[in-house]
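Colleague: There's a structure below that I have some questions on.
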Amino acid sequence: MTLPPDDGAPLTAEQPPGIRQYQERSLFVLLLGIALSSPLVTGSVFAREGLTPLSLVAMALTAAVWLLLGLYHYGQRQRVANLLVYVLVLASGAAIAAQGSVRSSASLVMLAAVVGAGTFLPRRSMLLCAALAIALLGALNLMENRGLLPVTDMDTGWAVWVTQAAVLLSLLVAVSFGRRRMIHAFQAQNRALEEVIRTQDELKASQARLQALFRNNPAACAVQVLASRTLVEANEAFIQMFGYPRSELLHQTPPTLWHHPPDRQAFRAALHASGRVRGMQAQGRRKDGSLFDAKVHAEVVRPGDEDLVMVMVIDVTAEVASRRELEQSRDRFSKAFNFSPLGMTITRLSDGQFVEVNPANERVLGWTQADFAGRNALEAGVWPSREDRDRYVAQLLHDGRLAGYETRMRTKAGEVVDVKVWAEKIELDGEPCILSFTLNVAEEKRREAILLNVAQGVSEEVGEAFFRSLVEHLARAIGADGVMVGEVGQHRRLRTLATIWQGQLLPPQEHPLHFTLCEQTLQQHRLLQHEIPEPGPMPLVAPFRHAPLRAFAGMPLRDDDGAPVGLLMAVWRDRPPRQHDLPSLLTIFGSRCTAELQRLRRDREIASLHGTLEQRVAERTAQLHYLNRELDAFAYTVSHDLKSPLRAIDGFMHLLQEQLDDRLQPDDHDLMQRVQDSVTRMGSLITDLLSLARVSQGQLQRMDTDLTDLAESVIRRERDRDPTREVRICIAPGLRANCDPRMAQIVLENLLGNAWKYSRQQPDAMIELGLLAATPDAADTAVPQFYIRDNGAGFDMSRADRLFKPFTRLHSPQEFEGTGIGLATVRRIIERHGGEIQAQGAVGAGATFRFSFGRPGIDG
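So the numbering used here is basically just the index in the sequence shown, starting at one, shifted up by 10.
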């Protein structure tokens, strides 16, 4: 706060309020004192001298003071101070003149007037008043010395005037200086008081802001006594973070909020050592036991007699998880980038400057990481021309990404090769960049050309012509001096199918394989390669036996059983061309040779068997008929003979149960019932087995049969056995087929009976028998195809191959009863008629059986 300069005007509005009030009160006291004392002085003067000039001056002064007291009452206080001082000065001068000497007591009034000027008047008025007093005294002294004043008995001189003036000036200076020091002291105290008030206001505002910040801070904040660890205050975020109610935390030692005790110890040690903790990583524990990652800040403060700890806890679980994921992502990207077999680069989109290069580029194009350091793709020479890179960048910007983009790049050796590029636009630190994967496909293109050339050369050939064409094209493709394809015959001899040597096709020959590389090749299961430092003879068959050779490669040809059936080999007189795909080429064409060789052998076998085929078929058919009859007879006999002992077992069980009925325990009854159930099931199996044997015997009596009537009779019997069931039956009218009625009855009994049984668990069961519509082209010649459909339990199609096998069931006996022979019987009947049966179903969605009885005249 800046105070105005002291101008000697204490009663002005610019003065501090305290000083102005003090001077106003002093002026009032002075006026009141003069107003009360002046009548006394006037009365005493009048009593002593009578009505004289001095008494008139006293009366005038008294009247003026009371007038000024009235002006003071009406608020004219500044004017009152000025008028009072000048009235006193003039009254003093008049009194001195009346007494006739400046040495009279009236000079004291002038002295009081000067003191009042120094106290109440501004500096200018004060000096004017002093000058007036001095001038007036000087004039009075002059008048007294010249005898112009009434004669008195007091002698005067200039020394009296000088003395009086000095006294007045000294008093004036002393009073003015004292007043000035008083004003300065008062102003200093006032400024100090105002500073204290301002500081207190700021402190209160700061405390209010601090409390609001503390309470509303989203970070968890708490205040704790350092020595006792008592929690003094905690904001709402702290309460919510740790999940404890405020009553369990405040004004007591809090529960353990640290998950790891070493973290708490390190925190306390840091506070005692430096008085602060900055960003300490720790794990917190909530009341429910859950953990979270936290960053802790703390500071020791001493607002009073004890040390307090201001603690701030920030939940950084998401940040830690994100950082961990980012680090893992960076680590995965770094590993994928550096260990990728593809050449990977990151380049700036603007100028192609290399940012990152993985080591695989050296294997792909020959360039090392050092070759790309501080250079762009054009400077390094990767692109054959700027136009190639511009097309690549334009395509990337148009599509957003590139997958298998085919272009050409230059290797470090200077060769321009075909490559495929996968590229994606990315941003690194706000800079558009390109992440690219480069694959050198020059070898792939060359291999494709070789494969295409060889494949085109042999595509139209079969048999021995195929082998001749193969050796010619393969020799050119792999740069071999000789290629041979041979077939392994009896006694480990090799019969050549095609041989080319130095560009000439040679006629077929036979060679022994003992003690040759060819024999070693046949003992392998993969390609055998052999190379010697200098050209020389190798243990091979003619015409390669005596030729100076450097390298040999042989591929064994094996049939489906793994037995060696042939050999594909190639030889070189000099070092063979470096071809990484040579094993692949020989493997591919070795497989093709194996297939052609097996086909050639099958043709030979077919030609040799063609003459005796009919006789062998007739003999085999007769043999099968005989075996089937024997098997059916055996099954019938066994089944029939098993019935007698089974009936005996059943009878003895009933007799034993009747005799021991009163001595049997509940467990014994259960065992007896299990035996009885097994006998019953065995009887059903024997009955079904006899039925299966009967359908395989005897001649079929084919005739036009009404399947609709047979099906309705089967459904009536099922309803009689289970009259409580509600089943929707849909049997198409007029279904007829040329078949044995007795056999057709068995087919429908089994198929419809199964549909009735397996739809038992459906609340709205449905069974349908109908005729499948024939295609328009075969409507006149097609055999009628029938179907039986239900919405029952169905079956798993992956087990459909077991459906028609005897004694095979797709459901447990606890779910559905049965022996597993019914569908085998149906299949046997259908096959005897020359027809076919198929099943389709899904678990829980029912099953559909399609069947036909074949053409008339067939008796299986």
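Glycine residues also receive a C-beta, built at the ideal position from the N, C-alpha and C atoms.
Between the stretch 272-282 and the stretch 248-259, are three or more C-beta pairs nearer than 8 Å?
Modeller: In short, these stretches do not touch, since the Cβ pair count stays below three.
Colleague: Specify whether the stretch 517-534 and the stretch 587-606 touch according to this definition: at least 3 beta carbon pairs, one from each stretch, less than 8 Å apart.
Modeller: No: fewer than three Cβ pairs fall under 8 Å.
Colleague: Beta-carbon separation of Val-551 and Thr-526 under 8 Å?
Modeller: For Val-551 and Thr-526, yes; Cβs fall inside 8 Å.
Colleague: I'd like to confirm the pairing. Which residues does DSSP put opposite Phe-224 in its beta bridges?
Modeller: According to DSSP, Phe-224 bridges with nothing at all.
Colleague: Any idea what DSSP makes of Val-853, helix, strand or coil?
Modeller: Residue state, collapsed to three classes: coil.
Colleague: In angstroms with no decimal places, state the Cα-to-Cα distance between Lys-815 and Gly-572.
Modeller: Cα-Cα distance, rounded: 33 Å.
Colleague: With three or more C-beta pairs closer than 8 Å as the rule, is the stretch 492-509 touching the stretch 535-547?
Modeller: Not touching, per the Cβ criterion.
Colleague: Quick check on the burial criterion: 16 or more other C-beta atoms within 10 angstroms. Buried or exposed for Met-136?
Modeller: Per the 10 Å Cβ criterion, buried.
Colleague: Please identify the residue among Gln-197, Trp-268, Trp-76 whose C-alpha is closest to the C-alpha of Val-39.
Modeller: Of the candidates Gln-197, Trp-268, Trp-76, the one whose C-alpha sits nearest the C-alpha of Val-39 is Trp-76.
Colleague: Once DSSP output is grouped into helix, strand and coil, what is the label at Val-797?
Modeller: The sequence as given places Tyr at residue 797; Val does not occur at that position. In this structure, Tyr-797 counts as strand in the three-state DSSP scheme.
Colleague: Apart from the five residues on each side of it in sequence, which residues of its chain come closer than 8 Å, Cβ to Cβ, to Ser-601?
Modeller: Excluding residues within five positions, none has a Cβ falling inside 8 Å.
Colleague: What's the gap between the Cα of Ser-102 and the Cα of Gln-109?
Modeller: Rounded to whole angstroms, Ser-102 to Gln-109 spans 11 Å at the Cα level.
Colleague: Taking C-alpha atoms, which residue in Pro-49, Gly-80, Leu-78 lies nearest to Val-67?
Modeller: Answer by Cα proximity: Pro-49.
Colleague: Tell me whether Thr-129 sits in a helix, a strand or coil according to DSSP, three-state version.
Modeller: Thr-129 falls in the helix class under three-state DSSP.
Colleague: In the stretch 357-435, which residue ranges form an unbroken beta strand (DSSP E) of at least 3 residues, counting only runs that do not cross its ends?
Modeller: Fully enclosed beta strand (DSSP E) runs of 3 or longer: 364-367, 411-420.
Colleague: Is the stretch 481-497 close to the stretch 382-395, with three or more CB pairs under 8 Å?
Modeller: With a cut-off of 8 Å, the stretch 382-395 and the stretch 481-497 do not count as touching, because too few Cβ pairs lie within range.
Colleague: Nearest by alpha-carbon distance to Arg-799: which of Val-321, Gly-832, Ala-380, Leu-761 is it?
Modeller: The shortest C-alpha separation from Arg-799 is found at Leu-761.
Colleague: Beta strand (DSSP E) containing Gly-873: first to last residue?
Modeller: What the structure shows of the chain is the stretch from 11 to 870, and residue 873 is not part of that stretch, so it cannot be assessed.
Colleague: Can you grab the Cα-Cα spacing for the pair Thr-378 / Asn-371, in whole Å?
Modeller: Using only the alpha carbons, I get a separation of about 6 Å.
Colleague: So within the stretch 488-541, which uninterrupted beta strand (DSSP E) runs reach at least 3 residues, ignoring any that extend past its ends?
Modeller: Qualifying beta strand (DSSP E) stretches, in chain order: 492-498, 503-511, 514-516, 520-522.
Colleague: Quick check: what's the CA-CA separation for Pro-442 versus Ala-423?
Modeller: Going from the Cα of Pro-442 to the Cα of Ala-423 covers about 31 Å.
Colleague: Among residues of its own chain, excluding the 5 on either side of Gly-253, which ones have a beta-carbon nearer than 7 Å to its beta-carbon?
Modeller: If we look at Gly-253 and ignore the five residues flanking it on each side, its Cβ neighbours are Arg-296, Lys-297, Asp-298.
Colleague: Near Ala-232, which residues of its chain fall below 7 Å by C-beta distance, leaving aside the five closest residues on each side in sequence?
Modeller: Same-chain partners within the cutoff: Leu-241, Glu-243, Ala-244, Phe-248, Val-321.
Colleague: Here's the rule: buried if 16 or more other CB atoms are within 10 angstroms of the residue's CB, otherwise exposed. What is Gln-275?
Modeller: Exposed, by the Cβ-count rule.
Colleague: Does Gln-338 get closer than 8 Å to chain C when you measure Cβ to Cβ?
Modeller: Among the chains of the structure shown, chain C does not appear; only one protein chain is present.
Colleague: Got a sec? Which residues, its chain only, sit under 8 Å from Thr-173 by beta carbon, not counting five neighbours each side?
Modeller: Model confidence at Thr-173 stands at a pLDDT of 41, short of 50, so the residue's coordinates are unreliable and nothing is read from them.
Colleague: From the DSSP output, in three-state form, read off Ser-65 for me.
Modeller: Looking at Ser-65 - three-state DSSP - the assignment turns out to be helix.
Colleague: What is the DSSP secondary structure of Ala-561, reduced to helix, strand or coil?
Modeller: Residue state, collapsed to three classes: strand.
Colleague: For Phe-277, which of helix, strand or coil comes out of DSSP?
Modeller: Phe-277 falls in the helix class under three-state DSSP.
Colleague: Any idea what DSSP makes of Ala-747, helix, strand or coil?
Modeller: Residue state, collapsed to three classes: strand.
Colleague: Can you say whether Trp-168 is buried or exposed, counting buried as having 16 or more other CB atoms within 10 angstroms of its CB?
Modeller: Only weak support exists for where Trp-168 lies, its pLDDT of 46 falling under 50; the value from the coordinates is given anyway. Counting Cβ neighbours within 10 Å, Trp-168 comes out exposed, since fewer than 16 surround it.
Colleague: How should Gln-533 be labelled, buried or exposed, when 16 other C-beta atoms within 10 angstroms of its C-beta is the threshold for buried?
Modeller: Exposed: under 16 other Cβ atoms inside 10 Å.
Colleague: Can you have a look at Tyr-82 and say buried or exposed, based on whether 16 or more other CB atoms are within 10 angstroms of its CB?
Modeller: Under this definition Tyr-82 is a buried residue.
Colleague: Can you tell me which of Ala-404, Leu-523, Thr-509, Asn-227 puts its alpha carbon nearest to the alpha carbon of Val-498?
Modeller: Nearest C-alpha to Val-498: Leu-523.
Colleague: Looking only at its chain, what residues have a beta carbon closer than 7 Å to the beta carbon of Asp-716, apart from the 5 residues adjacent to it on each side?
Modeller: Here the set comprises Arg-746.
Colleague: What residue from Arg-865, Tyr-768, Phe-562 has the CA that sits closest to Met-713's CA?
Modeller: Looking at the Cα atoms, Arg-865 is the closest of the given residues.
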